[in-house]
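Novice: Take a look at this one; I'll ask things after.
2 protein chains.
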Amino acid sequence: MRRIDPQSFVRATRLTTRHINRQIVLNLVREHQPISRADLARKMRLARGRMTQIVSELVAQGEIYIGPTMQTARGRRPEMLFVRTRDRLVMAVDVRLSRTFLMLGDFAGSPIALESFETVRDPARLITEIARRVRAMLKKHDRAKSCEGIGLVIPGMVDQSSGRVLNSPQLGWKNVDVRDSLSRSTGLPVYIENAPIACALARMWLGEQGVAVPQNFVYVTVSDGVGTGVVVNGELVRGHSHTAGEFGHVPIALDGPVCLCGARGCLEAYTSNIATLSRYLGVEFSARSAHDLTRTSGLTVGDVVDRAKRGEQRAIRALEETGRYLGVGLAGIINVLNPGAIFIGGEVTEAWSILEPAIRAAITDRALTARAASTPIAAEPADSHPRLRGATALVSARAFAAPKIA
Amino acid sequence: MRRIDPQSFVRATRLTTRHINRQIVLNLVREHQPISRADLARKMRLARGRMTQIVSELVAQGEIYIGPTMQTARGRRPEMLFVRTRDRLVMAVDVRLSRTFLMLGDFAGSPIALESFETVRDPARLITEIARRVRAMLKKHDRAKSCEGIGLVIPGMVDQSSGRVLNSPQLGWKNVDVRDSLSRSTGLPVYIENAPIACALARMWLGEQGVAVPQNFVYVTVSDGVGTGVVVNGELVRGHSHTAGEFGHVPIALDGPVCLCGARGCLEAYTSNIATLSRYLGVEFSARSAHDLTRTSGLTVGDVVDRAKRGEQRAIRALEETGRYLGVGLAGIINVLNPGAIFIGGEVTEAWSILEPAIRAAITDRALTARAASTPIAAEPADSHPRLRGATALVSARAFAAPKIA
DNA sequence: GGCATTTTGTTCGACTTAAGAACAAATTAC
DNA sequence: GTAATTTGTTCTTAAGTCGAACAAAATGCC
Numbered sequence: 025m026r027r028i029d030p031q032s033f034v035r036a037t038r039l040t041t042r043h044i045n046r047q048i049v050l051n052l053v054r055e056h057q058p059i060s061r062a063d064l065a066r067k068m069r070l071a072r073g074r075m076t077q078i079v080s081e082l083v084a085q086g087e088i089y090i091g092p093t094m095q096t097a098r099g100r101r102p103e104m105l106f107v108r109t110r111d112r113l114v115m116a117v118d119v120r121l122s123r124t125f126l127m128l129g130d131f132a133g134s135p136i137a138l139e140s141f142e143t144v145r146d147p148a149r150l151i152t153e154i155a156r157r158v159r160a161m162l163k164k165h166d167r168a169k170s171c172e173g174i175g176l177v178i179p180g181m182v183d184q185s186s187g188r189v190l191n192s193p194q195l196g197w198k199n200v201d202v203r204d205s206l207s208r209s210t211g212l213p214v215y216i217e218n219a220p221i222a223c224a225l226a227r228m229w230l231g232e233q234g235v236a237v238p239q240n241f242v243y244v245t246v247s248d249g250v251g252t253g254v255v256v257n258g259e260l261v262r263g264h265s266h267t268a269g270e271f272g273h274v275p276i277a278l279d280g281p282v283c284l285c286g287a288r289g290c291l292e293a294y295t296s297n298i299a300t301l302s303r304y305l306g307v308e309f310s311a312r313s314a315h316d317l318t319r320t321s322g323l324t325v326g327d328v329v330d331r332a333k334r335g336e337q338r339a340i341r342a343l344e345e346t347g348r349y350l351g352v353g354l355a356g357i358i359n360v361l362n363p364g365a366i367f368i369g370g371e372v373t374e375a376w377s378i379l380e381p382a383i384r385a386a387i388t389d390r391a392l393t394a395r396a397a398s399t400p401i402a403a404e405p406a407d408s409h410p411r412l413r414g415a416t417a418l419v420s421a422r423a424f425a426a427p428k429i430a
Numbered sequence: 025m026r027r028i029d030p031q032s033f034v035r036a037t038r039l040t041t042r043h044i045n046r047q048i049v050l051n052l053v054r055e056h057q058p059i060s061r062a063d064l065a066r067k068m069r070l071a072r073g074r075m076t077q078i079v080s081e082l083v084a085q086g087e088i089y090i091g092p093t094m095q096t097a098r099g100r101r102p103e104m105l106f107v108r109t110r111d112r113l114v115m116a117v118d119v120r121l122s123r124t125f126l127m128l129g130d131f132a133g134s135p136i137a138l139e140s141f142e143t144v145r146d147p148a149r150l151i152t153e154i155a156r157r158v159r160a161m162l163k164k165h166d167r168a169k170s171c172e173g174i175g176l177v178i179p180g181m182v183d184q185s186s187g188r189v190l191n192s193p194q195l196g197w198k199n200v201d202v203r204d205s206l207s208r209s210t211g212l213p214v215y216i217e218n219a220p221i222a223c224a225l226a227r228m229w230l231g232e233q234g235v236a237v238p239q240n241f242v243y244v245t246v247s248d249g250v251g252t253g254v255v256v257n258g259e260l261v262r263g264h265s266h267t268a269g270e271f272g273h274v275p276i277a278l279d280g281p282v283c284l285c286g287a288r289g290c291l292e293a294y295t296s297n298i299a300t301l302s303r304y305l306g307v308e309f310s311a312r313s314a315h316d317l318t319r320t321s322g323l324t325v326g327d328v329v330d331r332a333k334r335g336e337q338r339a340i341r342a343l344e345e346t347g348r349y350l351g352v353g354l355a356g357i358i359n360v361l362n363p364g365a366i367f368i369g370g371e372v373t374e375a376w377s378i379l380e381p382a383i384r385a386a387i388t389d390r391a392l393t394a395r396a397a398s399t400p401i402a403a404e405p406a407d408s409h410p411r412l413r414g415a416t417a418l419v420s421a422r423a424f425a426a427p428k429i430a
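Spelled out as structure tokens, the structure:
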């Protein structure tokens, strides 16, 4: 029972019915392709005449295409429908601390070109460099006409509606305009998002072949920070002022280490890459030492993961402890939100066989039902580039989204 | 961008447009009543002819009525529209540990009759007694024809879709059929829900005059347990297997007291009424002593609240500490979900002037933005009977809900 | 081989409904 | 008394959904 917001509703028009059904058809084709009009009509309990009309429209608009007919037991051969993805392109941009990645890819997330360059810290100069490379890449592949927009992922807090970066401690940015200037420089629409939400979008819209994604799930990214994209009823939870998702700052201890945010006992202070590395090095996590740790030790969490995979006990124990704390935080999420699945991304997941049992045990200790205790938890494969795919989904998903009404 | 679930969608028909707009009208009348057709048409940017048609239908269906005309500066006097609530009734039932309450009330939650009786622990006998009293009350008020259903609130975990009580430790029930037998005994449709969710429904649908309710909020109930109703985009979050809302079992300490659920450091073990009473009595919270505390001490949390209100320092400190822990848990919720408001119900809120500053301070320490730190937090007035009003909303809200599509 | 059956996709006509313009009703202003 | 304003109704038209029939393309059967 959803409550209609009297301040913000969309009334229906004569176009609404058709729009809704068109989007349903589009999503059914996407899910089940190749599929015939007749099968679609059966799934939707819609007359075949109507289906022909809807499909004709979608074909005319370039959203789907009619492929070869299929062999069937008897009767007329059905024409099979496919969603057009291969010739609809997105420029995906992933800004990270040291490097910025650009990928030209299609609507399904398949890469056509990929490049990276050292991240420039000055916002204006970085935007200029990104714009230059976008234009060059599109020109090189002669695809300027097919590119429908730019998806831009930034570390930190972004305001998606205004297109500004509110606060990125990693980049040292605060209240920076990004979207509008990049849009002006490239002539393309730009959509901006933070990393955990982008990864959740990738999962939701460009998910893995053979892996069902529930309408309710949580995606956790573990890096120097720990964040989430929370999906409820198929939609990202952004919250009242769009600051939802700061999982790393859930308190799991009353008197824990001081977190980079200033509070005590934040999950992030126990589970971030910095925390794991501190644990491995036998150094107490502190905000003061966090910035120098890699430099003074010459190690990253990737090294810890490698050593654990080679059987080094200290590394294994460090990761197990990270997993336990992560499990504690996730148990809270499971008890409050009851997600259908949890996906975890970040370097630590490369030691999944070590991490997962620790996470699972902590969850089992605290879940209230057997079903909650067995909430599926999966690692994002490291080579799947979730952030770039999320940047792609920022643009492509708009074509597939449910209409907003009432 | 909501993703359409290919396993569970509702396609649009020729009726969809009208249905959507009708619900919008109904909700606008409810929000702004008394209001004229012309004003509604302006708010919806809809032609007056269409508005007349929609309103005629709603009047014919008995959802709204046309009241007296209103004085205006010039021009024809507009007829004012109202939502019919007074003659549409609900039987609300609130089953508590020691007493069960029945209220016959109208769609707006105004009570017509109220009674209670000692809760019978045997499920079958309780249902029989409830049914008997429902029938008697309806007969006494000659309202059997106007009553549209029964809303039933039960302490513990309920499965709203099957109508069963999964687990109620307070009542000692496990996997008990409730809805179907009560429905058979009364001939009325029955809707069942747990207490925190019911309270959130009351807030969302029968909220307080002059208090705006955002589309995203969290309602926390503090009693022997601590639970939440989480509302996202105007809709209750039930979760994948409908076990969302167990806020009391979010871990806020790694080595805390053992909770009634068996885990360590649950928020509930620090903030429930039992925990507050233990704190006041200087007794360590433990599962073993929890059940006897009231009997051996002769006190309840209500006594602690009374004493605090009278200035007793020990009571004040006990409540302040409860508030601090509650604030820690809520800081986590704020950081993950960014709700527009938080409502808190339960006896402890009667000492709101003591509790609120403690909650606020803990949140301020851990919130990441100034706006998050100033998330509005309000106490549910104790005399507002949120559970009974929630039981009412279980039935009445169906008439006002947004249509489910796509 | 021809006709019957099956299955897919198209076409056509009927009916319903959203939309917009004009009209009517009820008031104040001049 | 007429003009202007505002509300609510009526009427007509265009658009869109629905369902039945038709056509096309295949296999099955006698």
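Line order of the protein sequences matches chains A and B. With our numbering applied, the first sequence covers 25 to 430. With our numbering applied, the second sequence covers 25 to 430. Glycine included, each C-beta is placed from N, C-alpha and C at the ideal position.
(1) In three-state terms, what does DSSP make of E217 of chain A?
(2) With DSSP as the reference, label K428 of chain A as helix, strand or coil.
(3) So which residues on chain B does I216 of chain A lean against when the C-beta distance must stay under 9 Å?
(4) So does the segment 44 to 61 of chain A actually touch the segment 106 to 113 of chain A, counting three or more Cβ pairs closer than 8 Å?
(5) Below 9 Å on C-beta distance, what does V79 of chain A contact in chain B?
(6) Over what stretch of residues does the alpha helix (DSSP H) that includes L50 of chain B continue unbroken?
(7) For T109 of chain A, return the contacting residues in chain B, with the cut-off set at a CB-CB distance below 7 Å.
(8) What residues from the segment 271 to 297 of chain A come within 7 Å of chain B, judged by C-beta to C-beta, listed N to C?
(9) Pull up the CB-CB distance for V182 of chain B and I216 of chain B, whole angstroms please, since I reckon it's below 8 Å.
(10) Between the Cα of D389 of chain A and those of A:I366, A:G356 and A:L379, spot the shortest distance and give me the residue it belongs to.
(11) Using the beta-carbon of each residue, which ones in chain A are nearer than 9 Å to W229 of chain B?
(12) Got a sec, what are the start and stop residues for the alpha helix (DSSP H) A339 of chain A sits in?
(13) Spell out whether any CB of chain A is found under 7 Å from the CB atom of A36 of chain B.
(14) Does the distance from the C-beta atom of R203 of chain A to that of V214 of chain A stay below 7 Å?
(15) What whole-angstrom Cβ distance do R35 of chain B and I48 of chain A have, given they're in contact under 8 Å?
(16) Between the segment 72 to 80 of chain B and the segment 92 to 101 of chain B, are three or more C-beta pairs nearer than 8 Å?
(17) Rounded to whole angstroms, what is the Cα-Cα separation between A365 of chain A and A396 of chain A?
(18) What are the residues of the segment 97 to 129 of chain B that lie near chain A, defined by any Cβ-Cβ distance shorter than 8 Å?
(19) Are three or more beta carbon pairs between the segment 165 to 181 of chain B and the segment 114 to 134 of chain B nearer than 8 Å?
(20) At a Cβ threshold of 7 Å, is R395 of chain B touching chain A?
(21) Which residues in chain A have a C-beta closer than 9 Å to the C-beta of Q233 of chain B? List them in chain order.
(22) Per the DSSP calculation, D201 of chain A is bridged to which residue(s)?
(23) Helix, strand or coil for C171 of chain B? Go by DSSP, reduced to three states.
(24) I want to see whether chain B comes within less than 7 Å of N51 of chain A, judged by CB atoms only; does it?
(25) Let's test the definition: count the other Cβ atoms within 10 Å of the Cβ of T433 of chain B and tell me whether it reaches 16, buried, or not, exposed.
(26) Would you call the segment 264 to 275 of chain A in contact with the segment 365 to 381 of chain A, where contact means no fewer than 3 C-beta pairs closer than 8 Å?
(27) Less than 7 Å separating the beta-carbons of L361 of chain A and G258 of chain B?
(28) According to the neighbour-count rule (16 or more other Cβ atoms, all chains shown, within 10 Å of its Cβ), is N359 of chain A buried or exposed?
(29) So does the segment 237 to 248 of chain B actually touch the segment 330 to 341 of chain A, counting three or more Cβ pairs closer than 8 Å?
(30) Does the Cβ of L230 of chain A have 16 or more other Cβ atoms within 10 Å, making it buried, or fewer, making it exposed?
(31) Would you list, in sequence order, the uninterrupted alpha helix (DSSP H) runs of no fewer than 4 residues that lie entirely inside the segment 245 to 283 of chain B?
(32) Within the continuous alpha helix (DSSP H) that includes M161 of chain A, where are the two ends?
(33) Are A332 of chain B and I378 of chain B closer than 7 Å when you measure CB to CB?
(34) Terminal residues of the continuous alpha helix (DSSP H) containing R123 of chain B?
Specialist: Let me spell this out:
(1) Assigned with DSSP and collapsed to three states, E217 of chain A falls in strand.
(2) Correct three-state label for K428 of chain A: coil.
(3) Counting only Cβ-Cβ distances below 9 Å, I216 of chain A has no contacts in chain B at all, with the closest Cβ about 14 Å away.
(4) In this structure the segment 44 to 61 of chain A lies against the segment 106 to 113 of chain A, because at least three pairs of beta carbons, one per stretch, are closer than 8 Å.
(5) What V79 of chain A touches in chain B, judged by beta-carbon distance under 9 Å, is nothing: the nearest beta carbon there is about 14 Å away.
(6) Unbroken alpha helix (DSSP H) run through L50 of chain B: T40 to H56.
(7) Using a Cβ-Cβ cut-off of 7 Å, T109 of chain A is close to nothing in chain B; its nearest Cβ partner there is about 16 Å away.
(8) F271, H273, V274, P275, I276, A277, L278, C285 and A287: these are the residues of the segment 271 to 297 of chain A whose beta carbon lies less than 7 Å from some beta carbon of chain B, given in chain order.
(9) With a Cβ gap of about 5 Å, V182 of chain B and I216 of chain B count as contacting.
(10) For the residues A:I366, A:G356 and A:L379, the minimum Cα distance to D389 of chain A belongs to A:G356.
(11) Going along chain A in sequence order, the residues near W229 of chain B (Cβ under 9 Å) are M25 and R27.
(12) Segment Q337 to L361, the alpha helix (DSSP H) holding A339 of chain A.
(13) By this cut-off, A36 of chain B is an interface position.
(14) Cβ atoms of R203 of chain A and V214 of chain A: closer than 7 Å.
(15) That pair is a contact at about 6 Å.
(16) The segment 92 to 101 of chain B and the segment 72 to 80 of chain B do not touch, with fewer than three beta-carbon pairs separated by less than 8 Å.
(17) Near 10 Å, if we compare the C-alpha coordinates of A396 of chain A and A365 of chain A.
(18) Listed by position, the residues of the segment 97 to 129 of chain B near chain A (Cβ gap below 8 Å) amount to none.
(19) Taking 8 Å as the limit for Cβ pairs, the verdict is that the segment 114 to 134 of chain B does touch the segment 165 to 181 of chain B.
(20) Yes, R395 of chain B lies at the interface with chain A (some Cβ there is under 7 Å from its Cβ).
(21) What Q233 of chain B touches in chain A: nothing, since even the nearest Cβ is about 15 Å away.
(22) In DSSP, D201 of chain A forms a bridge with A:R188.
(23) Three-state result, C171 of chain B: strand.
(24) With respect to chain B, the C-beta atom of N51 of chain A has a partner C-beta closer than 7 Å.
(25) One cannot answer for residue 433 of chain B here, as it falls past the ends of chain B, which runs 25 to 430.
(26) Two segments are said to touch when three or more pairs of C-beta atoms, one from each, lie closer than 8 Å; by this definition the segment 264 to 275 of chain A does not touch the segment 365 to 381 of chain A.
(27) The answer is no: Cβ separation not under 7 Å.
(28) With 16 or more other Cβ atoms within 10 Å, it is buried.
(29) Per the Cβ contact rule, the segment 237 to 248 of chain B is not in contact with the segment 330 to 341 of chain A (fewer than 3 Cβ pairs under 8 Å).
(30) So L230 of chain A counts as buried.
(31) Entirely contained in the segment 245 to 283 of chain B, not one alpha helix (DSSP H) run reaches 4 residues.
(32) Here the alpha helix (DSSP H) through M161 of chain A covers P147 to K164.
(33) Pairing A332 of chain B with I378 of chain B gives a Cβ-Cβ distance under 7 Å.
(34) It is not in any alpha helix (DSSP H) - R123 of chain B instead sits in the beta strand (DSSP E) that spans R123 to D130.
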